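Undergrad:
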Amino acid sequence: MAHDWQLDFEQIVDQHQSMVFSLALRMTGDRGLAEEIAQDVFLELDRNLGKIEGPEHACYWLRRVTMSRSADALRRRRVRGMDLWVDMDEAHGVRDTEKHSSPLGARLEHLLTTLPEAQRAALVLRYQEDMLPEEIAATMDAPLATVKSNLQRGLKLLRAKATSHLREYIRGL
Amino acid sequence: MDDFEQELKQALQRRPAPPSLKRKIMERRGLLSIERRHSHWLLWQRVAAGLLIVAVLGGAMQWKLHRDEERRQGEEARRQVMIALRITGHALNEVNAQLNRTHSGDE
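Sequence lines, in order, name chains Z and S.
For the first sequence, position 120 (counting from the first letter as 1) is numbered 119 according to numbering that gives the first Met the number 0, and the numbering increases by one without interruption.
For the second sequence, position 20 (counting from the first letter as 1) is numbered 19 according to numbering that gives the first Met the number 0, and the numbering increases by one without interruption.
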């Protein structure tokens, strides 16, 4: 029985580690912290494996707990008065050109980190995880109207920042 | 979804997790499992020690009650013997007095 659970758990880690890590990374902006959060989330899943009803439930549970743990980590950092955001390029240790096909795409991820937490969370779940506003509302335990508003405002703000950034980029050429 | 949103979706593709992530998770899981087993063992040890103490105290209490009951029964038996001796003594005195009276009547 224990062996079956272990197989299931390993399978879940294999399937979802990229999702959990990416969510935590985009919410915290810190690769080391994201890795810690991902470890904690999977260990918490292991403790609650008996309550997981199936693969879809596991995915939903992981998204929900990752977002919650990331918010907790950001709150703890704020309380400690630490610098919230490490530069994404520096934190990832990879150059933008290696990851993104266009200069805009390369900067969008960085600009996302400058958005308020709730808007960032909504955008990450919408565009990284391809979730519907209703699903985001369920994951974040927030009213649907709030999620829709965060998506609209976040997108508008990100668009404005990206436009301004592109203008500067073109001026610099 | 407009071009900007498509670009954002492209930019926010999942990043691969660090290669060491799974290994670290499995290592921590193993350690936690050992700790959990150890704490279970400690719990059972404590339960066993508790049961032993309860059994010893229960046995001592039982033994004390039994000893008190024996003492009480002994006291009761002693009291009854004393009463019996007193009655016997009284009867003997009566007989003795009767004999004395009979003797003095004969003389």
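From the three backbone atoms N, C-alpha and C, an ideal C-beta is built for every residue, glycine too.
Here the structure is a predicted model, which means the values were calculated and not measured.
1. In three-state DSSP terms, what is GLY29/S?
2. Could you check whether the Cβ of GLY153/Z sits closer than 8 Å to any Cβ belonging to chain S?
3. Please state whether the Cβ-Cβ distance between PRO17/S and SER17/Z is less than 8 Å.
4. By a C-beta neighbour count over all protein chains shown, 10 Å radius and 16 as the cutoff for buried, is VAL94/S buried or exposed?
5. Does DSSP classify SER19/S as helix, strand or coil?
6. I need the DSSP call for ASN149/Z, collapsed to helix, strand or coil.
7. List the endpoints of the continuous alpha helix (DSSP H) containing TYR59/Z.
8. Along the chain, where does the alpha helix (DSSP H) that runs through ARG14/S open and close?
9. Along chain S, in chain order, which residues have C-beta atoms closer than 7 Å to that of ASP29/Z?
10. Rounded to whole angstroms, how far is the Cβ of GLY31/Z from the Cβ of THR112/Z, which I believe are closer than 8 Å?
11. Check the Cβ of ARG27/S against every Cβ in chain B and list those closer than 8 Å, keeping chain order.
12. Using 8 Å as the threshold, is the C-beta distance between LEU22/Z and ARG62/Z below it?
13. I want to see whether chain Z comes within less than 8 Å of LEU7/S, judged by CB atoms only; does it?
14. Assuming contact is defined by CB atoms lying nearer than 8 Å, are VAL146/Z and MET26/Z in contact in what I supplied?
15. With 8 Å set as the bound, which would you pick, yes or no: does the beta-carbon of PRO18/S sit closer than that to a beta-carbon of chain Z?
16. Starting from THR138/Z, trace the alpha helix (DSSP H) both ways and give me its first and last residue.
17. Does DSSP classify ASN92/S as helix, strand or coil?
18. Closest Cβ-Cβ distance between THR96/Z and chain S: below 8 Å?
19. Following the continuous alpha helix (DSSP H) through GLY31/Z, name the residue where it begins and the one where it ends.
20. Which same chain residues end up closer than 6 Å to THR96/Z when comparing Cβ atoms and leaving out the 5 residues on each side of it in sequence?
21. Out of GLU55/Z, LEU103/Z, ARG152/Z, point me to the one whose CA is closest to GLU167/Z's CA.
22. When you compare the CB of GLN118/Z with every CB in chain S, is at least one pair closer than 8 Å?
23. Could you tell me which chain S residues have their CB closer than 7 Å to the CB of VAL12/Z, listed as they occur along the chain?
24. Could you tell me if GLY58/S is buried or exposed, where buried requires 16 or more neighbouring beta carbons within 10 angstroms of its beta carbon?
TA: In short, the structure shows the following:
1. helix
2. No, no contact with chain S.
3. no
4. exposed
5. coil
6. Three-state result, ASN149/Z: helix.
7. TYR59/Z -> alpha helix (DSSP H) spans 54 to 79.
8. That residue, ARG14/S, is in no alpha helix (DSSP H); it is neither H nor E in DSSP.
9. Ordered by position in chain S, no residue passes the 7 Å Cβ test against ASP29/Z, which lies about 13 Å from the chain.
10. The Cβ separation is near 16 Å, so there is no contact.
11. Judged by its chain identifiers, the structure shown contains no chain B, and its protein chains are Z and S.
12. yes
13. yes
14. Their beta carbons are not under 8 Å apart, which means VAL146/Z does not touch MET26/Z by this criterion.
15. no
16. 132 to 139
17. Reduced to three states, the DSSP call for ASN92/S is helix.
18. Residue placement at THR96/Z cannot be trusted, given a pLDDT of 41 that sits under 50; the coordinates are not used to answer.
19. 30 to 46
20. Any reading at THR96/Z is ruled out, since the residue's pLDDT is 41, under 50, leaving its predicted position unreliable.
21. LEU103/Z
22. Chain S, which has no Cβ nearer than 8 Å to the Cβ of GLN118/Z, makes this no.
23. LYS21, ILE24
24. It counts as exposed.
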